[in-house]
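Structure, as structure tokens:
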Amino acid sequence: MSTTYLEAIREGLWEEMERDPNVFLLGEDIGIYGGAFKVTAGFFEHFGQKRVVDTPISEAAIAGAAIGAGLMGLRPVAEMQFADFISCGFDQIVNFAAKCRYRWNAAVPIVIRAPSGGGIHGGPFHSQNPEMWFVKTPGLKVVAPATAYDAKGLIKSAIRDNDPVIFLEHKALYRRIKEDLPAGDYTVPIGKAKVVREGRDLTIVTYGAMAWVALEAADTLAGEGVSAEVVDLRTLLPLDRETVCESVKKTSKVLLLHEDTRTAGIAGELAISITESVFEYLDGPIVRVTAPDTPVPYSPPLETAFLPNADKVIEKARWLFRY
Amino acid sequence: MSTTYLEAIREGLWEEMERDPNVFLLGEDIGIYGGAFKVTAGFFEHFGQKRVVDTPISEAAIAGAAIGAGLMGLRPVAEMQFADFISCGFDQIVNFAAKCRYRWNAAVPIVIRAPSGGGIHGGPFHSQNPEMWFVKTPGLKVVAPATAYDAKGLIKSAIRDNDPVIFLEHKALYRRIKEDLPAGDYTVPIGKAKVVREGRDLTIVTYGAMAWVALEAADTLAGEGVSAEVVDLRTLLPLDRETVCESVKKTSKVLLLHEDTRTAGIAGELAISITESVFEYLDGPIVRVTAPDTPVPYSPPLETAFLPNADKVIEKARWLFRY
Amino acid sequence: MSATQATRPERKKKVAKAAAEQAELAHKCLYYMSLMREVEDRIERKLYRQGKIVGGVYVGRGQEAIPVGTALLAEPDDVLFPSHRDMAVFFIRGVPLGRILAQYMGRVDGLTRGRDGNMHMGDMSRNIVSIISALAATVPVAAGAAMALRYQGKNGVAFSYFGDGATSRGDWHEGVNLATVQKLPVLFICNNNQYAYSTPLSAQMACANVADRGPAYNMPAEIVDGNDVLAVHEATKRAVAHVRSGKGPYLLECKTFRMTGHSAHDAAHYVPQGLFDEWGKLDPITQLEAKMVKNGWADQEELDRVHSRVRSEVDEAVAWAEQSPYPDPSTLLDGVYENQ
Amino acid sequence: MSATQATRPERKKKVAKAAAEQAELAHKCLYYMSLMREVEDRIERKLYRQGKIVGGVYVGRGQEAIPVGTALLAEPDDVLFPSHRDMAVFFIRGVPLGRILAQYMGRVDGLTRGRDGNMHMGDMSRNIVSIISALAATVPVAAGAAMALRYQGKNGVAFSYFGDGATSRGDWHEGVNLATVQKLPVLFICNNNQYAYSTPLSAQMACANVADRGPAYNMPAEIVDGNDVLAVHEATKRAVAHVRSGKGPYLLECKTFRMTGHSAHDAAHYVPQGLFDEWGKLDPITQLEAKMVKNGWADQEELDRVHSRVRSEVDEAVAWAEQSPYPDPSTLLDGVYENQ
Ligand SMILES: Cc1ncc(C[n+]2csc(CCOP(=O)(O)OP(=O)(O)O)c2C)c(N)n1
Ligand SMILES: Cc1ncc(C[n+]2csc(CCOP(=O)(O)OP(=O)(O)O)c2C)c(N)n1
Ligand SMILES: [Mg+2]
Ligand SMILES: [Mg+2]
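Chains as they are written, first to last, in this note's numbering: chain A, 527 to 849; chain B, 527 to 849; chain C, 52 to 391; chain D, 52 to 391.
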């Protein structure tokens with residue numbers, strides 16, 4: 527039976543809550559209502575209000591309370607109703623959660639789930655990709671799965687991890703993708719990228735919803751005789767530079783793709799990591815396809831123009847291939 | 527008469543307040559006390575409490591009130607007592623200030639001054655370099671002067687700018703550097719980098735306190751027959767890619783230097799901008815010298831190990847020169 | 052002839068004048084409330100379902116008395132910060148209906164030219180500041196606008212609107228604290244509709260009323276029936292007078308009920324049906340109409356005329372908005388900064 | 052023999068026992084308060100000036116009764132969140148003096164092993180959570196710890212300490228609101244020392260007392276003389292009993308005065324000298340000693356012995372800390388994550 531990306535997260539959460547009584551959920555409208563996206567529908571009824579805690583509209587308190595409970599040995603999973611609101615609890619995350627272990631050796635084993643990304647006509651405040659604020663913050667881990675399999679395996683790893691994890695769920699994938707998942711417990715390691723399509727001519731490195739765009743582009747490119755390898759980062763921090771560099775060593779050309787806005791997206795960190803390690807293998811400039819440096823616009827024609835898509839990737843890949 | 531970096535900012539603020547009655551200051555302890563670093567000492571006495579507003583400990587309200595006053599046509603200059611506390615007002619800055627113009631064509635002509643950077647034994651919460659959170663946010667401008675001249679010229683430009691500007695003042699420079707400033711009014715344009723030392727063999731791109739480290743390293747390197755060009759970015763957003771790329775075209779080798787932690791620092795954005803534009807000119811890998819990915823430690827031997835310095839730059843530059 | 056007798060006709064005139072004013076006010080309120088109801092019905096029940104509005108839709112059904120009763124007292128210099136359930140504020144400040152509908156439909160003639168949707172819009176030429184999504188974020192911004200009004204020597208007031216749930220946010224506290232400690236001219240207007248999305252008041256705050264928060268800031272706080280537009284108007288008059296006289300902020304808590312789900316896609320199964328029934332009887336428009344008829348301020352025919360006027364205005368505005376083009380994708384990059 | 056007569060010796064015994072207990076408590080309080088005074092004096096007036104402490108130094112001079120009077124009532128399961136002026140909390144929870152001094156000096160034996168300075172330290176083995184600099188950030192974290200205590204079926208209480216100025220922060224509001232709406236076992240302890248850095252209370256909040264904020268959260272709030280350690284202890288007993296019994300949070304406002312500048316480099320010229328004089332007379336240690344002598348709980352000789360014991364303990368701890376090495380720079384990268 528096929529499982530959607532959303533159901534995969536839901537299953538992962540459910541199974542971890544069954545497995546470990548220290549796991550509990552907190553957030554806005556996650557109880558009876560089941561969450562804005564219904565990820566936690568049915569949890570309140572099954573696990574009760576002790577383990578599914580509806581909070582006031584207080585992102586700083588949600589993050590802070592998760593930290594406090596985490597310090598005490600629980601494994602809180604906090605939900606931001608939209609990733610966009612994570613900036614309301616920003617200080618708790620980047621200054622409290624991220625720095626406890628380094629400063630005074632205190633573990634903060636929390637997960638902050640944040641539905642992110644565009645393509646759902648959410649406009650400037652329901653579509654953002656906040657990953658780089660957290661990739662920029664040592665002490666955090668940042669996970670951004672693209673598939674149902676990875677979403678389930680990574681939410682489990684995130685919950686079992688003893689460090690704070692920002693878990694970005696791409697809203698546009700929630701109900702759009704489906705796959706058969708293995709029965710029983712499995713995890714996907716945090717910090718490991720994956721070559722999701724092998725290729726010879728160039729490497730496309732990406733993550734989240736853009737992994738599907740990359741695969742779509744690679745299909746078309748294959749028809750033109752361009753063999754693109756696709757690397758899905760899956761985790762943004764810690765960043766799996768090895769897998770990326772191995773792929774570049776093989777293909778010698780690399781296109782970086784992210785839905786996040788252009789300036790200071792992960793493409794930059796990948797680019798310098800690549801030139802630092804495998805510069806000699808490069809047979810062409812490192813290029814990127816990204817959203818432009820604007821807020822995410824609401825109106826469909828603007829949002830369509832804003833989001834990277836297969837055509838934009840293909841065009842750039844063709845150019846790089848011919849380089 | 528020589529002017530310190532701190533006095534330069536102070537003079538810039540003072541002259542702008544004299545010039546334009548719409549300019550006013552708000553922040554914690556900036557009035558009678560004159561601010562934690564005494565940047566605004568004497569302002570309250572001269573300009574009165576209408577124009578020098580002491581606020582409660584409320585960074586979100588400080589940023590928010592600045593936005594509100596800015597929307598009404600005033601030119602508020604808000605002080606964060608330390609840049610580290612800017613994360614407490616984060617949402618106001620990245621979601622309110624940054625997006626008004628794009629969304630509904632409303633100008634938010636505000637400046638947020640934030641004393642940033644390490645080297646003063648401030649520890650994890652009084653030493654951070656928060657620039658990339660804001661460089662990552664379209665709609666903001668981010669300025670980080672290295673010299674007294676630029677500090678004065680840029681604070682004036684920031685105040686006159688019709689968009690929100692994050693003005694990073696490097697604490698370690700406040701009283702450490704001095705120079706003769708021209709009499710009378712002058713500005714330094716936002717968005718323009720500057721070649722502060724000409725060279726042939728390689729380019730060092732940096733900003734803030736590290737500009738001095740770069741110059742120190744360049745001096746030593748010159749003695750070894752290595753001619754290093756130094757580019758001081760001065761503004762981080764909008765980023766002056768042209769000046770950087772022009773320099774790389776000339777030297778063919780580039781070392782990126784920042785005090786900010788390594789992952790997702792400005793080095794990445796520079797690296798990809800360089801490979802996108804002038805890849806063919808590169809005669810060696812793009813390399814970087816940065817702080818490591820940890821919180822800023824307090825104890826002097828740790829902080830010394832943490833901060834980039836001339837020796838670390840020289841070592842990397844030698845390697846790159848020989849490459 | 053005694054002195055008392057001498058003043059009688061004067062007094063009579065005064066009473067008559069007051070009644071006429073009340074009648075006129077009632078008519079104005081009815082018009083704006085009906086307009087808001089009709090526009091939002093059209094948006095939620097027609098345009099949204101037809102797929103002509105693709106983003107989130109939040110309406111203020113049942114709460115119309117609050118924006119109308121308050122904003123009618125705003126002077127030109129006053130600055131308004133409507134929440135997502137205060138559409139009538141835009142009408143009262145003169146924003147053309149068509150532009151509001153174009154906003155919802157993502158067209159170029161919307162106040163944000165398609166860059167944002169629904170009530171995320173503002174217009175500084177009319178002193179209306181756009182919300183951002185983050186609840187209560189406008190509260191400190193309103194304090195700053197009030198600071199500017201005082202700075203500029205204007206006798207203006209900032210009208211800061213928010214829901215019950217928004218008062219849980221740190222920004223709310225910081226903004227109210229700043230406004231009160233600096234005695235800024237801010238009128239805080241809470242629409243307490245007893246829910247924040249699916250969360251009832253009892254899970255949002257331990258105090259019974261939002262007004263109970265006033266003393267924490269040494270700020271007068273008053274509770275008013277938010278479904279009685281004339282009562283809201285009357286209370287606002289008092290509150291604005293206090294604020295405008297330089298005495299600092301005032302909190303007006305308008306008790307009401309959200310007669311819909313949180314948004315167009317929420318059926319609100321979590322709300323006991325009894326609450327909808329109970330509050331349905333207290334509909335602010337029906338109540339006002341009954342009062343108007345009872346007081347002889349209008350007859351049924353007149354009321355019908357208002358509604359048909361409103362319907363045709365909305366028909367026209369929808370048609371206008373539907374003809375507004377989508378923004379040209381080539382403009383995507385424009386206007387992130389002043390010179391770009 | 053009447054019944055009354057029969058119980059007299061019993062009663063006498065009880066009274067004697069209570070007096071003995073009070074005396075014992077007073078001795079304990081004196082010891083911890085003097086220790087805090089001495090350690091902080093040494094830090095601020097000696098080690099800092101000698102350049103042996105290179106970072107910020109904030110002391111709680113004049114406020115010692117607050118951490119002592121409260122933390123003495125903490126049970127092992129209770130979790131404490133001291134502010135930057137509550138050093139005695141660390142003593143009471145058994146952190147060795149030397150480790151605290153090593154912390155200030157950036158040595159490897161400090162609680163943060165040199166990674167952080169001054170009161171930015173914690174120790175989960177003793178249920179003490181470290182502050183971060185951002186004021187009030189520990190407030191929601193304390194709520195979370197209280198949530199965990201209840202979750203784990205422990206009857207523990209979270210002691211959340213903060214200053215008057217910290218109550219202006221959004222995090223304070225969000226944390227208190229969450230704790231009260233969920234009736235979490237949190238004791239909020241405010242040291243109202245009337246200044247936040249250079250900012251007097253009147254520029255920080257419009258209400259007269261921090262306790263005035265209690266009703267906004269339907270939370271009992273009590274004001275106590277923060278310079279009277281026995282009064283603080285007594286009030287804390289009541290407050291803790293309330294919290295521990297499951298009735299939800301309690302706010303204890305301890306009125307006191309910061310008898311120094313904000314930090315070691317601040318001469319506090321903005322504080323009227325009269326305030327220092329006035330409050331100097333109310334020094335909590337002097338007051339306690341007077342009471343002990345008056346009640347016959349101690350004589351001057353005994354008091355002197357306490358002070359000399361304290362001095363020699365601090366001498367020893369300073370010597371120990373000075374011998375602690377600086378952290379090895381090769382450890383710089385360790386421990387950002389669990390497996391690194
Ligand atoms: C900071 C933040 N968190 C969460 C949300 C999502 N959200 C939108 S409206 C809403 C409920 C608001 O309740 P209330 O303030 O009472 O206003 P109402 O919708 O009832 O008028 C929520 C949780 C948000 N917009 N901002
Ligand atoms: C969010 C934040 N803003 C500013 C500061 C700088 N700062 C440190 S202590 C202090 C004053 C604190 O006052 P209060 O809470 O009354 O505590 P006290 O120092 O008086 O005990 C300030 C402004 C900070 N630490 N955190
Ligand atoms: Mg509500
Ligand atoms: Mg204080």
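Built from N, CA and C at the ideal position, the CB exists for glycine as well.
query = Looking only at C-alpha atoms, which of B/C626, B/A843 and B/Y559 sits nearest to B/E742?
reply = The sequence position of residue 742 of chain B within the second sequence is 216, counting from 1. When each option's Cα is compared against that of B/E742, the closest is B/A843.
Neighbouring residues, chain C, relative to B/P715 (Cβ below 9 Å) = What you label residue 715 of chain B is simply residue 189 of the second sequence in a count that begins at 1. The contacting residues do not exist; B/P715 stays about 12 Å from chain C at best.
inquiry  = Between B/I558 and ligand 1, is there a pair consisting of the residue's CB and a ligand heavy atom that are separated by less than 7 Å?
reply    = As a first step, residue 558 of chain B is located in the second sequence; it is residue number 32 there, counting from the start. No - ligand 1 has no heavy atom lying nearer than 7 Å to the Cβ of B/I558.
ask   = For B/K625 and chain A, any beta-carbon pair shorter than 8 Å?
value = Mapped onto the second sequence, residue 625 of chain B falls at position 99. Yes, B/K625 lies at the interface with chain A (some Cβ there is under 8 Å from its Cβ).
request  = Could you pull out every residue in the same chain whose Cβ sits closer than 7 Å to the Cβ of D/Y377, ignoring the five residues on either side in sequence?
outcome  = Looking up residue 377 of chain D in the fourth sequence gives position 326. Same-chain partners within the cutoff: G157, R158, V159 and G165.
query = What are the residues that DSSP puts in a beta bridge with A/P664?
reply = By one-based count along the first sequence, residue 664 of chain A stands at place 138. Answer is A/L666, bridged to A/P664.
request  = Could you tell me whether the Cβ of B/E554 comes closer than 8 Å to any Cβ of chain D?
outcome  = For the purposes of this step, residue 554 of chain B is identified with residue 28 of the second sequence, where counting begins at 1. Judged by the 8 Å Cβ criterion, B/E554 is in contact with chain D.
ask   = Closest to C/T252 by CA distance: which of A/N621, A/T581, A/A836 and A/R760 is it?
value = Residue numbering aside, residue 252 of chain C sits at position 201 when the third sequence is read from its first letter. Before going on, a small fix: residue 252 of chain C reads as Leu here, not Thr. For C/L252, the nearest C-alpha among the options comes from A/T581.
request  = Please determine, among D/T250, D/S134 and D/L123, the residue with the shortest C-alpha to C-alpha distance to B/S584.
outcome  = By 1-based counting over the second sequence, the position of residue 584 of chain B is 58. Checking every option, the nearest Cα to that of B/S584 belongs to D/T250.
request  = Mind checking which residues open and close the alpha helix (DSSP H) that includes D/T121?
outcome  = For the purposes of this step, residue 121 of chain D is taken as residue 70 along the fourth sequence, with counting starting at 1. Unbroken alpha helix (DSSP H) run through D/T121: A116 to A122.
key: Neighbourhood of B/V549 by C-beta, 7 Å cutoff - its chain only, sequence neighbours within 5 removed   = Against the second sequence, residue 549 of chain B aligns to sequence position 23. Hits under 7 Å: E542, M543, R601, V603 and I685.
task = Rounded to whole angstroms, what's the CA-CA distance from D/L339 to D/Y82? Just pull it up for me.
result = Residue mapping note: residue 339 of chain D aligns to position 288 of the fourth sequence, counting from 1. Residue mapping note: residue 82 of chain D aligns to position 31 of the fourth sequence, counting from 1. One C-alpha to the other measures close to 11 Å.
task = Please list the residues of the region 123-140 of chain D that have a C-beta atom closer than 8 Å to any C-beta atom in chain A, keeping them in chain order.
result = Contact annotation: in the region 123-140 of chain D, residues whose CB is within less than 8 Å of a CB in chain A are V130.
Whole-Å CB distance - B/G594 paired with C/M172, under 8 Å assumed = Taking the first residue of the second sequence as position 1, residue 594 of chain B is located at position 68. Taking the first residue of the third sequence as position 1, residue 172 of chain C is located at position 121. Actually they are not in contact, since the Cβ atoms of B/G594 and C/M172 sit about 17 Å apart, beyond 8 Å.
query = Is the region 799-814 of chain B close to the region 739-754 of chain B, with three or more CB pairs under 8 Å?
reply = no
For A/F608, the three-state DSSP class (helix, strand or coil) = What you label residue 608 of chain A is simply residue 82 of the first sequence in a count that begins at 1. The answer is coil: DSSP assigns A/F608 none of H, G, I, E or B.
request  = Find the residues of chain C that neighbour A/D580, judging by a C-beta separation of less than 7 Å, and give them in chain order.
outcome  = Here residue 580 of chain A is taken as the residue at index 54 of the first sequence, counted from 1. The contacting residues are T250 and A254.
inquiry  = Would B/Y733 pass as an interface residue toward chain C - the criterion being a Cβ-Cβ separation below 8 Å?
reply    = In the second sequence, the residue the question calls residue 733 of chain B occupies position 207. It does not; no Cβ of chain C falls within 8 Å.
ask   = Can you name the residues of chain A whose CB is closer than 7 Å to the CB of B/M658?
value = Numbered from 1 along the second sequence, position 132 holds the residue referred to as residue 658 of chain B. By Cβ distance, chain A contributes K662 and A790.
request  = Kindly indicate which residue of C/G145, C/I94 and C/A185 has the alpha-carbon position closest to the one of C/L152.
outcome  = Taking the third sequence and counting its residues from 1, one reaches residue 152 of chain C at position 101. The option with the nearest alpha carbon to C/L152 is C/I94.
ask   = Within 10 angstroms of its Cβ, does A/T830 collect 16 or more other Cβ (buried), or is it exposed?
value = Here residue 830 of chain A refers to the residue found at position 304 when the first sequence is read from its first residue. Exposed.
request  = Pull up the distance between the alpha-carbon of C/M52 and that of C/R62, whole angstroms please.
outcome  = Position 1 of the third sequence holds residue 52 of chain C. Position 11 of the third sequence holds residue 62 of chain C. Bear in mind that the predicted position of C/M52 carries a pLDDT of just 43, short of 50, making it too unreliable to give a figure here.
ask   = On the premise that A/D727 lies in contact with A/T769, defined as a C-beta separation below 8 Å, what is that separation, rounded to the nearest angstrom?
value = Numbered from 1 along the first sequence, position 243 holds the residue referred to as residue 769 of chain A. Numbered from 1 along the first sequence, position 201 holds the residue referred to as residue 727 of chain A. Taking a contact as a CB-CB distance under 8 Å, the pair A/T769 and A/D727 does not count as one, their CB atoms being some 18 Å apart.
inquiry  = Out of B/K564, B/L552 and B/P650, which one is the CA nearest neighbour of D/L383?
reply    = For the purposes of this step, residue 383 of chain D is taken as residue 332 along the fourth sequence, with counting starting at 1. It is B/P650 whose Cα lies nearest to the Cα of D/L383.
inquiry  = Suppose you measure from the CA of C/A70 to the CA of C/W223; what does that come to, to the nearest Å?
reply    = As a first step, residue 70 of chain C must be located in the third sequence, where it is residue number 19. As a first step, residue 223 of chain C must be located in the third sequence, where it is residue number 172. The alpha-carbon atoms of C/A70 and C/W223 are separated by roughly 39 Å.
key: Start and end residues, beta strand (DSSP E) containing A/K704   = Here residue 704 of chain A is taken as the residue at index 178 of the first sequence, counted from 1. First-last of the beta strand (DSSP E) with A/K704: K704 to D706.
inquiry  = The alpha helix (DSSP H) that contains B/G829, what's its start and end?
reply    = Start at 1 with the first residue of the second sequence, and residue 829 of chain B comes out as number 303. Rather than Gly, the amino acid found at residue 829 of chain B in this sequence is Glu. Where B/E829 is concerned, the enclosing alpha helix (DSSP H) stretches over P826 to F832.
ask   = Cβ atoms of A/Y700 and A/Y807: under 8 Å apart, would you say?
value = As a first step, residue 807 of chain A must be located in the first sequence, where it is residue number 281. As a first step, residue 700 of chain A must be located in the first sequence, where it is residue number 174. Against a cut-off of 8 Å, the Cβ pair of A/Y700 and A/Y807 comes out as no contact.
task = Taking all protein chains shown into account, decide if D/S381 is buried (16 or more other Cβ within 10 angstroms of its Cβ) or exposed.
result = The count along the fourth sequence starts at 1 and reaches residue 381 of chain D at position 330. Answer is exposed; the Cβ neighbour count stays below 16.
task = Let me know the secondary structure DSSP gives C/M52 once reduced to three states.
result = By one-based count along the third sequence, residue 52 of chain C stands at place 1. Because C/M52 carries a pLDDT of 43, less than 50, the predicted location of this residue cannot be relied on, and the following value inherits that uncertainty. In the structure shown, C/M52 sits in coil (DSSP, three-state: anything other than H, G, I, E or B).
The region 211-219 of chain C in contact with the region 267-282 of chain C per 3-pair CB rule at 8 Å = no
query = Cβ of C/G216 versus every heavy atom of ligand 3: is any distance shorter than 7 Å?
reply = In the third sequence, the residue the question calls residue 216 of chain C occupies position 165. At least one heavy atom of ligand 3 is nearer than 7 Å to the Cβ of C/G216, so yes.
message = Distance check for A/T673 and B/I636, CA to CA, integer angstroms please.
response = Within the second sequence, residue 636 of chain B is the residue found at index 110, counting from 1. Within the first sequence, residue 673 of chain A is the residue found at index 147, counting from 1. Their backbone Cα atoms lie some 42 Å apart in a straight line.
message = Please determine whether the Cβ atom of C/N244 lies at a distance below 7 Å from any heavy atom of ligand 3.
response = The sequence position of residue 244 of chain C within the third sequence is 193, counting from 1. Using a cutoff of 7 Å, the CB of C/N244 counts as near ligand 3, since one of the ligand's heavy atoms is closer than that.
message = Tell me which residues share the same chain as B/A592 and place their Cβ nearer than 6 Å to its Cβ, disregarding the 5 neighbours each side in the sequence.
response = For this step, residue 592 of chain B is matched to residue 66 along the second sequence. In the same chain as B/A592, and ignoring 5 residues on each side of it, the C-beta atoms closer than 6 Å to its own belong to P602, A604 and I636, in chain order.
request  = Would you grab the beta carbon distance between D/A188 and A/G590 for me? Rounded to a whole angstrom, and I think it's under 8 Å.
outcome  = Residue mapping note: residue 188 of chain D aligns to position 137 of the fourth sequence, counting from 1. Residue mapping note: residue 590 of chain A aligns to position 64 of the first sequence, counting from 1. Going by Cβ atoms, the distance from D/A188 to A/G590 rounds to 7 Å, so yes, they are a contact pair.
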